[in-house]
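Numbering (our numbering) for the sequence shown: 187 to 581. For every residue, glycine included, the Cβ atom is placed at its ideal position computed from N, Cα and C. All of these numbers come straight from a predicted model, not from anything done at the bench.
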Amino acid sequence: MKVVHVTPVYAPAWQYGGPVRSTHLLACALAAKGHEITVLTTTIGTPQAGALDVLSRTLDGVHVLYCPGRVTGLGIVSPRLTATAESLAAGAHAFHLTGVWQPSIIGVQLLLAKRKTPYVVSTRGALSPYSFQQSRWKKLPYYYLFEQKILRGAAALHATAPIECAELNRLRLGVPIFTAPNICDALPWFDDAAGRKAWRQSHAIAPDECVIMHVGRIHPKKNLHFLVESAAALSSQRAWRVVLVGPVAERDEPYLSQLQATLPPQRLTVIRGTGDGDALRAAYSSADVFVLPSFAENFGNAVVEALLCNTPVVLSPHVGVGSLVEPLGGTTILPLSQHLWVAELEQRLKLSPEQRVDARARSQIAELFSAASIAAQFEQLYASCTTAHHTAAIG
């Protein structure tokens with residue numbers, strides 16, 4: 187099957203977050219199963235940014251076409267991306283679009299609608315109520331002028347978790363919604379005892395000190411002020427500290443300063459960036475508990491990574507992956523009530539550091555988010571879209 191994935195930013199532009207990694211892992215998994223996958227994107231965020239021609243590359247077995255693009259006040263635009271999509275559409279069975287709120291997708295959708303080529307849209311949390319509240323003055327007109335048409339023209343919408351599926355249902359778009367989680371390869375993620383010892387030593391954290399860890403962007407959406415305020419109310423005598431691991435955008439520096447003013451330095455450690463895979467695995471393994479009190483998280487890749495490192499997690503109800511992993515063990519979901527979070531963290535401080543996610547739960551989590559399992563689900567999705575399109579064309 188020939189499928190073209192279109193996204194405004196792509197690997198190695200990892201700084202753009204989860205959607206880049208998720209799209210890349212899915213493309214790799216489908217290519218590994220023998221499908222002809224082409225990713226159509228821009229050079230933005232890559233070492234080739236500023237190139238004037240379309241660049242062809244092979245990345246982890248996936249054919250990628252990087253088009254010139256530029257960032258505007260409304261998002262990423264790329265006329266060459268639309269023109270290149272036209273040349274690819276003739277031989278493609280389906281397209282897969284990832285790029286809500288991005289003008290670069292508008293021309294591609296018009297082209298696909300004209301050719302009657304079926305396409306799937308992954309919304310990646312961009313249509314959550316929280317997202318609509320950000321820059322509402324700009325998003326509402328854009329939604330009704332452009333985005334709604336793109337979504338209604340899709341053969342299917344892809345949601346990564348039941349929370350996102352419910353959010354899309356509320357929009358009443360009249361399009362089938364397909365739910366499949368992100369891929370998380372279990373191989374790099376395991377309880378790394380040697381890494382834990384070295385990581386704690388490098389950050390001057392004692393072996394018996396309780397580490398309450400968050401991994402991800404340091405951003406108001408993650409509700410980290412709620413976390414540090416809850417931690418500030420802890421009364422336990424056991425040594426503890428909050429550790430925040432993740433990138434900080436320049437515009438979020440004041441937010442970080444606010445967090446740092448809430449807890450004394452011996453209670454809060456900030457590690458900018460996530461480092462390489464080995465460093466991140468060591469960090470997860472060093473945590474006594476991973477926390478994500480986010481206001482809105484369509485999935486939450488870091489949750490799965492932490493669990494695969496046998497680290498228990500505490501989440502808000504707004505983290506999409508929560509409902510998928512909670513039945514398997516190691517996951518606690520709490521409403522955003524400070525007294526409940528304080529009580530839970532107090533309880534964690536009383537537990538032995540040896541109390542971690544068990545092997546059975548880890549094995550089930552690894553299978554649930556495996557590349558083979560999720561690629562098979564998308565194979566069925568693309569096949570059903572193509573069949574429905576063919577049937578409609580005959581009719």
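Along the chain, where does the alpha helix (DSSP H) that runs through residue i open and close?
i, result
"C351", "348-356"
"K408", "Where K408 is concerned, there is no enclosing alpha helix (DSSP H), given that its DSSP letter is neither H nor E."
"A299", "290-301"
"I551", "545-554"
"C214", "204-218"
"A492", "487-494"
"R534", "524-536"
"Y470", "463-472"
"L442", "439-448"
"F318", "315-319"
Taking the alpha carbon of residue i as the point to measure from, which residue in the options has its own alpha carbon closest?
i, options, result
"V286", "A380, L343, P440, V429", "L343"
"G515", "R548, S502, E483", "R548"
"W426", "Q550, V490, V475", "V475"
"Q452", "A392, Y329, H411, V434", "A392"
"W603", "Q423, A569, A545, V414", "Residue 603 cannot be examined here, being either before or after the span of the chain that is shown, 187 to 581."
"P205", "G311, L567, Y252, T365", "G311"
"S273", "P233, R546, A380, T224", "T224"
"P198", "L251, S388, S443, A529", "L251"
"L522", "P513, E512, V511, H504", "H504"
"A418", "P450, R322, Q320, K335", "P450"
"R424", "R534, C253, P254", "R534"
"S471", "Q320, C351, D377, S388", "D377"
"H389", "R322, A352, A473", "A473"
"A465", "V489, A352, S264, R382", "R382"
"P254", "D246, R266, T244", "R266"
"S314", "R358, I336, A352", "A352"
"E350", "S321, K324, A380, Y316", "Y316"
"Q524", "R437, E565, S416", "S416"
"L359", "Y330, A379, S570", "Y330"
"C396", "L442, T455, A447, T448", "T455"
Taking C-beta to C-beta, are residue i and residue j nearer than 9 angstroms?
i, j, result
"A217", "V248", "yes"
"P367", "L554", "yes"
"K407", "F481", "yes"
"V195", "I262", "yes"
"A345", "N484", "yes"
"W385", "A492", "no"
"V429", "H411", "no"
"V192", "L283", "yes"
"P348", "S538", "no"
"V257", "L226", "no"
"L297", "A271", "yes"
"I519", "V500", "yes"
"Q563", "F318", "no"
"V306", "I398", "no"
"N409", "S502", "yes"
For residue i, I'd like the list of residues in its chain whose CB is within less than 6 angstroms of its CB, leaving aside the five on either flank, ordered along the chain.
i, result
"G581", "Caution is warranted here: a pLDDT of 38 is assigned to G581, below 50, making its placement in the model unreliable, and the coordinate value is therefore given only provisionally. Hits under 6 angstroms: none found."
"G293", "T268"
"I457", "V431"
"L260", "P289"
"S308", "T284, H344"
"Q334", "none"
With a CB to CB cut of under 8 angstroms and the five nearest residues on each side skipped, what residues in its chain are close to residue i?
i, result
"T572", "M187, H279, A280, P304"
"P374", "G463, R467"
"Y202", "V195, G231"
"A557", "L211, C214, A215, A218, I369, D371"
"S421", "E532"
"A235", "T229"
"P433", "Q201, R403, I404, R458, G459, T460"
"Q541", "P498"
"A579", "With a pLDDT of 42 at A579, under the threshold of 50, the modelled position of that residue is not reliable, and the figure given next carries that caveat. If we look at A579 and ignore the five residues flanking it on each side, its Cβ neighbours are K302."
"N355", "I363"
Within the continuous beta strand (DSSP E) that includes residue i, where are the two ends?
i, result
"Y252", "248-253"
"V511", "Run containing V511: none in the beta strand (DSSP E); it sits in the alpha helix (DSSP H), 508-511."
"Y330", "Segment: none, Y330 is in no beta strand (DSSP E) and carries neither H nor E."
"L610", "Because residue 610 is not part of the residues shown, which for the chain are 187 to 581, the question remains open."
"V240", "That residue, V240, is in no beta strand (DSSP E); it is neither H nor E in DSSP."
Take residue i and list the residues in its own chain whose beta-carbon comes closer than 7 angstroms to its own, dropping the five residues that flank it on each side.
i, result
"G339", "Q295, A299"
"H576", "Confidence is the limiting factor: at H576 the pLDDT is only 46, short of 50, which leaves the residue's position unreliable and the question unanswerable from this model."
"Y568", "M187, V189, H279, A280"
"E512", "I519"
At least one CB of chain E closer than 9 angstroms to the CB of residue i: is that the case?
i, result
"I363", "The displayed structure is made up of one protein chain only, and chain E is not part of it."
Query raised in the report: Which parts of the stretch 370-436 are runs of the alpha helix (DSSP H), unbroken and 4 residues or longer, counting only runs that do not cross its ends?
Result: 379-388, 410-418
Requested in this report: Give, in chain order, every unbroken run of the alpha helix (DSSP H) that is at least 4 residues long and sits entirely within the stretch 252-286.
Outcome: Correct list: 265-275.
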